[in-house]
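The listed protein sequences derive, respectively, from chains A and B. The first sequence begins at 14 in the numbering used here and counts up one residue at a time. The second sequence begins at 10 in the numbering used here and counts up one residue at a time.
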Amino acid sequence: MAFDKMELKDIEVWDGNFAAAQALRQAQVDVVAAYPITPSTPIVEGYAKFKSDNYVEGEFVMVESEHAAMSGCIGAAAAGGRVATATSSQGLALMVETLYQASGMRLPIVLNIVNRALAAPLNVNGDHSDMYLCRDSGWIQFDAFSPQGAYDLNFIAFKVSEDHDIRLPAIVNQDGFMTSHTAQGVHTLADDDAFGFVGTFKPMNDMLDFEHPVTHGVQTEEDWHFEHKARQHSDLMLKVSPKIDEVFADFEKLTGRKYSQVECYDIDDADVAVFCLGTSVETAREVAGEMRTKGIKAGVIGLRVIRPFPFEQVQEALKNIKAVAILDRSSPNGAPGAMFNEVCAAMYSHESSPLISGYVYGLGGRDLTKAHLVDLYNELQTNADAGKVTTQLQQFIGVRGPKLSFL
Amino acid sequence: MSEMKKIKNLKEFSTSADRFEGANLLCPGCAHSIIVREVLNATNDDLVLAASTGCLEVCTAVYPYTSWDASWIHIGFENSSTAVAGAESMYNALKTKGRLKQPDRNPKFVAFGGDGASYDIGFQWISGCMERNHNMMYIVLDNEVYANTGGQRSSSTPIGSSATTSPAGSISYGEKMNKKDMLGIMAAHNIPYAAQVAPNKWKDMVKKIQKGFATQGAVFINAVSPCTTEWKFDPKDTMHITDLATDSLVFPLYEIIEGKEFNITYRPKNVVPVEEYLAAQGRFKHLFRDEYKYLIKEWQERVDANWSYLQRREEAKV
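Structure representation (structure tokens):
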């Protein structure tokens, strides 16, 4: 029985979860092995409904844990076809072992992570703790700021990940609830156009090619392990970045929607800027516009590609900024913020660097309000005027009790 | 359905084309390699194989070499079952979509794991695969110990055995727990076919493996795999030890169909006392001290009771 296509309006009102589920349907994924967890569950449920209504021809396997979900995805990817899944938070934590195995085995898989806090205390709401949990796992990592991004970046992720020069799995992050459960207008692709963009999966070293048996997942010790890891890092550093730019350009040609590894808003003449991820980018843009009416030249930088870290693009974006705030939505637990450190590393070796201060915000779904950002931009302007960071380097914003700052 | 491979005798069987090469790093006398060859040689069909982390894996796929002339995958310690289930799902997807490169083939999906990978750390993954009834076979290479890491106890380690994490000592007879009834648990998933096999009874084993391959759905096989290193016997005695295991009824051979139909497939003509089985292995040496001899008696009583239970179950057809 042939599967059915779906007629979509040019603009649909979708939340980020449904947008991702639609992208998986349109990419005609061959195997989805998945396990539900808040807030990513609706991706899996949405896909299950597509399968029950004959909109999906591929296999849909509901397994017994997130670790098994990625294990099944790895087996399926090694067999030779398009593979995807979704998870969040504790589920991702359980899955982490297999993330390293998937990337080390150079298998293309797309994983949607709907970002959520990590216990304890248990919390189902959005922050970026889980995102950082797999930071060094060898996956290509994209970040959506909205349901539109969650939709578009899935197609882009398949195309980059499955390229025979790349063969690395890819993550598409979106904010738990703020993106995943907030319906917005999403510009759609027609089914044929969407599938045409990602194309039919081209297998390589596939276990189902019985004329060419392959061994996947070998042992290497001190004699060969380093070379394998070095090769993977080298490909991430040298091959993936240009491939992402190429696929972004192809996507813009098809849709008119332009993506960049580092998204810059009002940066050209900006004195002060906020550097952040996820839905905070849109909030910051709103506030930056208001700050400009008050005479503060404010800009926003959103990180679209987390891995490979766009080192040079970050340097380029920040080189003329006087003071920048790096926002980290995860507990640093005894260090400067994870993103703060990365940006500092990029700017330290650059001839000109802004004054950099770090802010920890929004843990466990705590709102980042416009008022927070107004204060923050004012603080940055004070730093810019003083020519030095006038506060401590790390501040917590939006947390109860006496002001918390360090370093 | 592919045609069942016909095997006339052991000589012909042993000279079948190998898809598992003799060039591997397993210990001399290791039963793993014997079992794997018996499984692979039971069919001429294509194979998609997986192995959990363990002796079989570390000894057969050390880059840049491989002992496998068949599609093979290793991910981690706990998930060879799900690796093969994922590959089987991809096979089904590509079959539906008409994208198989060799659509006329009838591949068999087989995962191997040691008892540590199966009874312990991979238990949930196997249960999931059995419950979902993937068209696959899971085979435990049951050597009753974490052999690859140097002999730690698993939930398959039998009572009284000295393992490195349950060592016999001045006040201890070693392992305190009884071996887990893994086959019973897996059969309780009401899978189409579950069986215990032993490499010495190769005809019985090939018959069961072929039955498994002919089955549509999940198959679970528990294979006794005497370990020369951790059971502490001379490598030349592997088959002798296996004979003692099956003929003492410490390791009875039977099958369970659809979780209900129960058949004993081997009845030794001369049942060997359990004491002989224990005495042949260094891991039980301490049981022959005066203060622990009661444990040997208890061993015999336990094996007798189990054999009686199995026979009653077969008669009752439950």
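Note that the Cβ used here is the ideal one computed from N, Cα and C, for glycine as well. These numbers come from a predicted model, not from an experiment.
Cβ-Cβ separation between Pro216/A and Val127/A: approximately 29 Å, too far for a contact (criterion under 8 Å). Here Asn18/B is exposed, its C-beta having fewer than 16 other C-beta atoms within 10 Å. Using a Cβ-Cβ cut-off of 9 Å, Asp222/A is close to Ser80, Lys110, Gln111 of chain B, given in chain order. When beta bridges are read from the DSSP output, Ile126/A appears opposite Thr100/A, Asn186/A. Put simply, of Val402/A, Glu175/A, Arg379/A the residue whose alpha carbon is nearest the alpha carbon of Leu389/A is Val402/A. Each residue's CA atom was taken as its position, placing Ala92/A and Val57/B some 9 Å apart. In the pairwise beta carbon analysis, the stretch 57-75 of chain A is classified as not touching the stretch 185-192 of chain A: fewer than three pairs are separated by under 8 Å. If you draw a straight line from the Cα of Pro367/A to the Cα of Ala336/A, it is about 5 Å long.
Taking a beta-carbon distance threshold of 7 Å, Val76/A counts as an interface residue toward chain B. When Cβ-Cβ separations below 7 Å define contact, Ala91/A makes contact with chain B. Sequence-distant Cβ neighbours of Asp176/A in its own chain, meaning closer than 7 Å and more than five residues away, are Lys256. Under DSSP, Phe31/A shares a beta bridge with no residue. Closest in C-alpha terms to Ala46/A, from the list Phe73/A, Phe353/A, Lys22/A, comes Phe73/A. As summarised for the stretch 37-83 of chain B, the continuous alpha helix (DSSP H) elements at least 4 residues long and confined to that stretch are 40-49, 64-67, given in chain order. Shown here for Lys188/B: same chain residues with a beta carbon closer than 8 Å to its own, the five before and five after excluded, namely Glu153, Ser164, Ser165, Thr166, Pro167, Ile168 in chain order. Cβ-Cβ distances below 6 Å link Leu417/A to Phe409 in the same chain, with the five nearest sequence neighbours on each side left out; the list follows chain order. Of all residues in the stretch 226-247 of chain A, only Pro226, Val227, Thr228, His229, Gly230, Val231, Gln232, Thr233, Trp237 place a beta-carbon less than 7 Å from a beta-carbon of chain B. The bridge partners DSSP lists for Asn231/B are Val149/B, Gln205/B. With the rule of 3 Cβ pairs closer than 8 Å, the stretch 226-244 of chain B counts as touching the stretch 40-52 of chain B. Within chain A, no C-beta atom comes nearer than 7 Å to that of Leu49/B; the closest sits roughly 12 Å away. Nearest neighbour of Ala204/B by Cα position, chosen from Lys302/B, Leu65/B, Thr52/B, Glu270/B, turns out to be Glu270/B. Counting only residues of its own chain and dropping the five nearest sequence neighbours on each side, Ser142/A has a CB closer than 6 Å to the CB of Ala130, Leu131, Ser343.
If you draw a straight line from the Cα of Ala207/B to the Cα of Ile16/B, it comes to about 18 Å. Chain B places no beta carbon closer than 7 Å to that of Glu20/A, leaving this residue out of the contacts. Per DSSP, Ser317/B lies in no beta strand (DSSP E) segment; the continuous alpha helix (DSSP H) that holds it begins and ends at 302-325. For Glu276/A, there is no enclosing alpha helix (DSSP H); the enclosing beta strand (DSSP E) has its first and last residue at 275-278. When 9 Å is used as the limit between beta carbons, Cys86/A is near these residues of chain B: Gly95, in chain order. Between the stretch 267-285 of chain A and the stretch 308-324 of chain A there are three or more C-beta pairs closer than 8 Å, enough to call the two in contact.
DSSP places Ser127/B outside any beta strand (DSSP E), giving it a letter other than H or E. Trp134/B is positioned such that its CB atom lies closer than 7 Å to that of Thr91/B.
In this structure, the beta-carbon distance from Asp252/B to Asn209/B falls below 7 Å.
Sorting Asn157/B, Lys106/B, Tyr303/B, Ile266/B by C-alpha distance to the C-alpha of Thr213/A places Lys106/B at the top. Residues of the stretch 101-123 of chain A with a C-beta atom less than 7 Å from some C-beta of chain B are Glu110, Thr111, Gln114, listed in chain order.
Listed in chain order, the non-local C-beta contacts of Asp213/B below 8 Å within the same chain comprise Val206, Ala207, Leu262, Thr274, Tyr275, local neighbours out to five positions each way being set aside. Linking Trp77/B to Pro235/B through their CA atoms gives a straight-line distance of about 22 Å.
Sequence-ordered contacts of the stretch 62-74 of chain B with chain A read Glu66, Val67, Ala70, Val71, Tyr72, Pro73 [C-beta pairs closer than 8 Å].
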